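K.L.:
Sharing a structure here in structure tokens format.
Protein chains: 2
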Amino acid sequence: MTKSKVFFDVAGSLDGFIAPEGMDLTHADDPDFKQWLSQWTKLQSWVFQQRFFRENLKLGEGGEIGHDNRLLEATFNRTGVSIMGKRMFDGGERYWPEEAPFHTPVFVLTHEVRKPWERPGGTTFYFVNDGIQSALGQARKAAGNRDVRIAGGANVIQQYLNAGLVDEFTIHYSPVFFGQGLPLFSGMSGNINAKIKEAIASKEVTHVTYEVGK
Amino acid sequence: MTKSKVFFDVAGSLDGFIAPEGMDLTHADDPDFKQWLSQWTKLQSWVFQQRFFRENLKLGEGGEIGHDNRLLEATFNRTGVSIMGKRMFDGGERYWPEEAPFHTPVFVLTHEVRKPWERPGGTTFYFVNDGIQSALGQARKAAGNRDVRIAGGANVIQQYLNAGLVDEFTIHYSPVFFGQGLPLFSGMSGNINAKIKEAIASKEVTHVTYEVGK
Numbered sequence: 102m103t104k105s106k107v108f109f110d111v112a113g114s115l116d117g118f119i120a121p122e123g124m125d126l127t128h129a130d131d132p133d134f135k136q137w138l139s140q141w142t143k144l145q146s147w148v149f150q151q152r153f154f155r156e157n158l159k160l161g162e163g164g165e166i167g168h169d170n171r172l173l174e175a176t177f178n179r180t181g182v183s184i185m186g187k188r189m190f191d192g193g194e195r196y197w198p199e200e201a202p203f204h205t206p207v208f209v210l211t212h213e214v215r216k217p218w219e220r221p222g223g224t225t226f227y228f229v230n231d232g233i234q235s236a237l238g239q240a241r242k243a244a245g246n247r248d249v250r251i252a253g254g255a256n257v258i259q260q261y262l263n264a265g266l267v268d269e270f271t272i273h274y275s276p277v278f279f280g281q282g283l284p285l286f287s288g289m290s291g292n293i294n295a296k297i298k299e300a301i302a303s304k305e306v307t308h309v310t311y312e313v314g315k
Numbered sequence: 102m103t104k105s106k107v108f109f110d111v112a113g114s115l116d117g118f119i120a121p122e123g124m125d126l127t128h129a130d131d132p133d134f135k136q137w138l139s140q141w142t143k144l145q146s147w148v149f150q151q152r153f154f155r156e157n158l159k160l161g162e163g164g165e166i167g168h169d170n171r172l173l174e175a176t177f178n179r180t181g182v183s184i185m186g187k188r189m190f191d192g193g194e195r196y197w198p199e200e201a202p203f204h205t206p207v208f209v210l211t212h213e214v215r216k217p218w219e220r221p222g223g224t225t226f227y228f229v230n231d232g233i234q235s236a237l238g239q240a241r242k243a244a245g246n247r248d249v250r251i252a253g254g255a256n257v258i259q260q261y262l263n264a265g266l267v268d269e270f271t272i273h274y275s276p277v278f279f280g281q282g283l284p285l286f287s288g289m290s291g292n293i294n295a296k297i298k299e300a301i302a303s304k305e306v307t308h309v310t311y312e313v314g315k
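Protein chains in written order, with my numbering: chain R, 102 to 315; chain D, 102 to 315.
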């Protein structure tokens, strides 16, 4: 029996969004929605300053090496597999570098039937057509003793959390307001029994990890 | 010129609500909405355990005296005046003890014309009919060197924050999901320039204070 945990790890705006309005394939290049990039950059600004992130995406030398960096590296290292929704994958297929930043198997929830798509650097995308339980079963097998990350988007995270399949999750609270966007939590079950596992104060973001009771 | 700060200080559910569905005068006694009390109690459970809160509401002896308690006491002591909306007042008029827990002047934003209502213990409610700027001007005068607290509800907090009138705010993130309720932040301006002033990790709640740039 595996000891893998199922977790998610996301940055949220103060008003509860994980992506600003306009950050999707329909609107990303529409000048009426051009504020999305600066909003998203504010949400993620602490990430871009970390050495681990810069190395992983080959963004250049340097970067911070404090506890924000250790958190990012630990999250990467614990992740044996990621699961994501079709919209997240579609956005990533367009914007990720050729060497996608996962370096593990990734299971994509979709109605599309498609052969596995192997990228340089160890990322292979597998397309799952029979639901979240099936994807999780396949992910657990592929993860070995490492953990399964529900990468996103919000709707996929909500499905796993409401189904009682998430063991713990981390929210990075960033001091930015989006006004409109994709809410992290909408239509949640009120019966989720969460408690704080760890909270870490940082200069630009507050990291809080919650455990979900079964 | 006064040095008073304008602030708010609220507990939020993980899905961004400051009050659960049904916690209003229309539904509070409706058995279809009876879950609101247990949800609200979960949101506030850390508060009820603190000695300062218990003394202030005369709930009995004892209570915790750690940093959660110090935070509650400091917030009370810095508050020279509170401002609140009509719905919050209407709920409180029904549920607060005769000795209302403010012990300061309170300005209520309302269309109702009503004489000041003095309660035992130093709380007097003043009813302001000409908007948030006027209420804040009166509150600043009454607060002296102490601070002005925007007590709530969410709509009043949003109005002051979007108008650029808030200097800092604290959110107590509680590990509870409501599913439905009164969102703390809806329809926020995306132009608010906030940064983290202090984050304090506690067992049952994470306290984060943000400064708003002008």
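Every residue gets a Cβ at the ideal spot worked out from N, C-alpha and C, and that includes glycine. Keep in mind it's a predicted model, so treat the numbers as computed, not measured.
Whole angstroms is fine: what's the gap from H168 of chain R's alpha carbon to F149 of chain R's?
P.N.:
For the purposes of this step, residue 168 of chain R is identified with residue 67 of the first sequence, where counting begins at 1. For the purposes of this step, residue 149 of chain R is identified with residue 48 of the first sequence, where counting begins at 1. Straight-line Cα distance between these residues: approximately 14 Å.
K.L.:
Among the residues of its own chain, which have a CB less than 6 Å from the CB of T225 of chain D, if the five just before and after it don't count?
P.N.:
On the second sequence, position 124 is the one that residue 225 of chain D refers to. So the list reads P206, P217 and E219, once near-sequence residues are dropped.
K.L.:
Is the segment 140-160 of chain R close to the segment 112-122 of chain R, with three or more CB pairs under 8 Å?
P.N.:
Counting Cβ pairs under 8 Å, three or more are found: they touch.
K.L.:
Per DSSP, what kind of secondary structure is A244 of chain D in: helix, strand or coil?
P.N.:
On the second sequence, position 143 is the one that residue 244 of chain D refers to. It is helical.
K.L.:
Let me see if you follow: with CB-CB separation under 8 Å, is S290 of chain D close to chain R or not?
P.N.:
Within the second sequence, the letter at position 189 stands for residue 290 of chain D. Yes, S290 of chain D counts as interfacial toward chain R.
K.L.:
Using 10 angstroms around the beta-carbon of Y274 of chain D, count the other beta-carbons present and answer buried if the total reaches 16, otherwise exposed.
P.N.:
Numbered from its first residue, the second sequence carries residue 274 of chain D at position 173. By the neighbour-count rule (16 or more Cβ atoms within 10 Å), Y274 of chain D is buried.
K.L.:
Comparing alpha-carbon positions, which option in R:K104, R:G314, R:S290 and R:A252 lies nearest V182 of chain R?
P.N.:
Your numbering for residue 182 of chain R matches position 81 in the first sequence. It is R:A252.
K.L.:
Quick one: what's got a C-beta closer than 6 Å to H128 of chain D's C-beta in the same chain, skipping five residues either side?
P.N.:
Within the second sequence, the letter at position 27 stands for residue 128 of chain D. Same-chain partners within the cutoff: F134.
K.L.:
Take every Cβ of the segment 255-262 of chain D, pair it with every Cβ of the segment 275-287 of chain D, and state whether three or more of those distances are shorter than 8 Å.
P.N.:
Touching, yes, given that three or more Cβ pairs across the two stretches are closer than 8 Å.
K.L.:
Mark G113 of chain R as exposed unless 16 or more other C-beta atoms lie within 10 angstroms of its C-beta, in which case mark it buried.
P.N.:
In the first sequence, counting from the first residue as 1, residue 113 of chain R sits at position 12. It is buried - the Cβ of G113 of chain R has at least 16 other Cβ atoms within 10 Å.
K.L.:
Note down, in chain order, every chain D residue with its Cβ under 7 Å from the Cβ of A269 of chain R.
P.N.:
Start at 1 with the first residue of the first sequence, and residue 269 of chain R comes out as number 168. Correcting the residue identity first, residue 269 of chain R is Glu in this sequence and not Ala. Per Cβ cutoff of 7 Å: no residues; E269 of chain R is ~11 Å from chain D at best.
K.L.:
Going by Cα to Cα distance, which pick from R:A300, R:L173, R:Y261 and R:M189 is closest to D125 of chain R?
P.N.:
Position 24 of the first sequence, counted from the first residue, corresponds to residue 125 of chain R. Checking every option, the nearest Cα to that of D125 of chain R belongs to R:M189.
K.L.:
Going along chain D, which residues have a C-beta under 8 Å from R260 of chain R?
P.N.:
Numbered from its first residue, the first sequence carries residue 260 of chain R at position 159. Going by the sequence as given, residue 260 of chain R is Gln instead of Arg. Result: empty, since nearest Cβ-Cβ is about 14 Å, beyond 8 Å.
K.L.:
Give the residues of chain D in contact with P276 of chain R, contact being defined as C-beta atoms less than 7 Å apart.
P.N.:
Within the first sequence, numbered from 1, the residue matching residue 276 of chain R stands at position 175. Ordered by position in chain D, the residues that pass the 7 Å Cβ test against P276 of chain R are A295, K296, I297 and Y311.
K.L.:
Report all residues from its chain with a CB closer than 8 Å to the CB of Q239 of chain R; omit the five preceding and five following residues, and keep chain order.
P.N.:
The residue labelled residue 239 of chain R in the question sits at position 138 within the first sequence. For Q239 of chain R, where only same-chain residues beyond five positions count, the Cβ hits under 8 Å are F208, Y227 and V229.
K.L.:
Using a Cβ-Cβ cut-off of less than 8 Å, give me the residues of the segment 224-246 of chain R that come near chain D, in sequence order.
P.N.:
Within the segment 224-246 of chain R, no residue qualifies.
K.L.:
Would you check if the distance between the CB atom of D268 of chain R and the CB atom of V313 of chain R is smaller than 8 Å?
P.N.:
As a working note, residue 268 of chain R is residue 167 in the first sequence. As a working note, residue 313 of chain R is residue 212 in the first sequence. For D268 of chain R and V313 of chain R, yes; Cβs fall inside 8 Å.
K.L.:
Under 7 Å between beta-carbons, which chain D residues line up against G167 of chain R? List them in chain order, please.
P.N.:
For the purposes of this step, residue 167 of chain R is taken as the residue at position 66 of the first sequence. Within 7 Å Cβ-Cβ: nothing; G167 of chain R doesn't reach chain D, min ~15 Å.
K.L.:
Just to confirm, is the Cβ distance from I233 of chain D to Q260 of chain D under 8 Å?
P.N.:
Your numbering for residue 233 of chain D matches position 132 in the second sequence. Your numbering for residue 260 of chain D matches position 159 in the second sequence. Yes, they are a contact pair.
K.L.:
Starting from K143 of chain D, trace the alpha helix (DSSP H) in both directions and tell me its first and last residue.
P.N.:
Position 42 of the second sequence, counted from the start, is the residue given in the question as residue 143 of chain D. From DSSP, the alpha helix (DSSP H) with K143 of chain D extends over Q136 to L144.
K.L.:
Find the residues of chain D that neighbour A302 of chain R, judging by a C-beta separation of less than 9 Å, and give them in chain order.
P.N.:
One-based indexing of the first sequence puts residue 302 of chain R at position 201. The answer, in chain order, is I297, E299, A300, I301, A302, T307 and V309.
K.L.:
What does the alpha-carbon distance come out to for the pair S146 of chain D and H212 of chain R?
P.N.:
Position 45 of the second sequence, counted from the start, is the residue given in the question as residue 146 of chain D. Position 111 of the first sequence, counted from the start, is the residue given in the question as residue 212 of chain R. Whole-angstrom Cα-Cα distance: 44 Å.
K.L.:
Is W218 of chain R helix, strand or coil when you go by DSSP?
P.N.:
The count along the first sequence starts at 1 and reaches residue 218 of chain R at position 117. W218 of chain R falls in the strand class under three-state DSSP.
K.L.:
So, helix, strand or coil for A236 of chain R, using DSSP?
P.N.:
One-based indexing of the first sequence puts residue 236 of chain R at position 135. Helix at A236 of chain R.
K.L.:
Going residue by residue through the segment 124-206 of chain D, where are the continuous beta strand (DSSP E) segments of at least 3 residues, counting only ones entirely within it?
P.N.:
Listed in chain order, they are 180-186.
K.L.:
Please compile the residues from chain R whose C-beta is within a distance smaller than 8 Å of the C-beta of F108 of chain D.
P.N.:
Here the question's residue 108 of chain D lines up with position 7 in the second sequence. Residues of chain R passing the Cβ test: none, with the nearest at roughly 15 Å.
K.L.:
Report the partner residues of T307 of chain R according to the DSSP bridge assignment.
P.N.:
Mapped onto the first sequence, residue 307 of chain R falls at position 206. T307 of chain R pairs with R:Y274 and R:A302.
K.L.:
Please list the terminal residues of the continuous beta strand (DSSP E) segment that includes L262 of chain D.
P.N.:
Walking along the second sequence from the start, residue 262 of chain D turns up at place 161. Segment A255 to N263 is the alpha helix (DSSP H) holding L262 of chain D; no beta strand (DSSP E) there.
K.L.:
Who are E122 of chain D's beta bridge partners in DSSP?
P.N.:
Working through the second sequence from its first residue, we reach residue 122 of chain D at position 21. Answer is none; E122 of chain D lacks a bridge partner.
K.L.:
CB of A236 of chain D to nearest heavy atom of the ligand PLP: below 7 Å?
P.N.:
With respect to the ligand PLP, the structure offers nothing, as it holds no ligand at all.
K.L.:
Under 6 Å Cβ to Cβ from A243 of chain R, same chain only, skipping five residues before and after it: list those, please.
P.N.:
Translated into the one-based positions of the first sequence, residue 243 of chain R becomes position 142. Only V182 and P206 meet the Cβ criterion.
K.L.:
Starting from T225 of chain D, trace the beta strand (DSSP E) in both directions and tell me its first and last residue.
P.N.:
Start at 1 with the first residue of the second sequence, and residue 225 of chain D comes out as number 124. Where T225 of chain D is concerned, the enclosing beta strand (DSSP E) stretches over T225 to V229.
K.L.:
What residues from chain D crowd round Q145 of chain R, counting only those whose CB sits closer than 8 Å?
P.N.:
Counting from 1 along the first sequence, the entry for residue 145 of chain R is found at position 44. Residues of chain D passing the Cβ test: none, with the nearest at roughly 15 Å.
K.L.:
Quick check on I297 of chain D: does DSSP put it in helix, strand or coil?
P.N.:
For the purposes of this step, residue 297 of chain D is identified with residue 196 of the second sequence, where counting begins at 1. Reduced to three states, the DSSP call for I297 of chain D is strand.
K.L.:
Name the two residues that bound the continuous beta strand (DSSP E) containing D110 of chain D.
P.N.:
Locating residue 110 of chain D in the second sequence gives position 9, where the first residue counts as 1. Residues V107 to G113.
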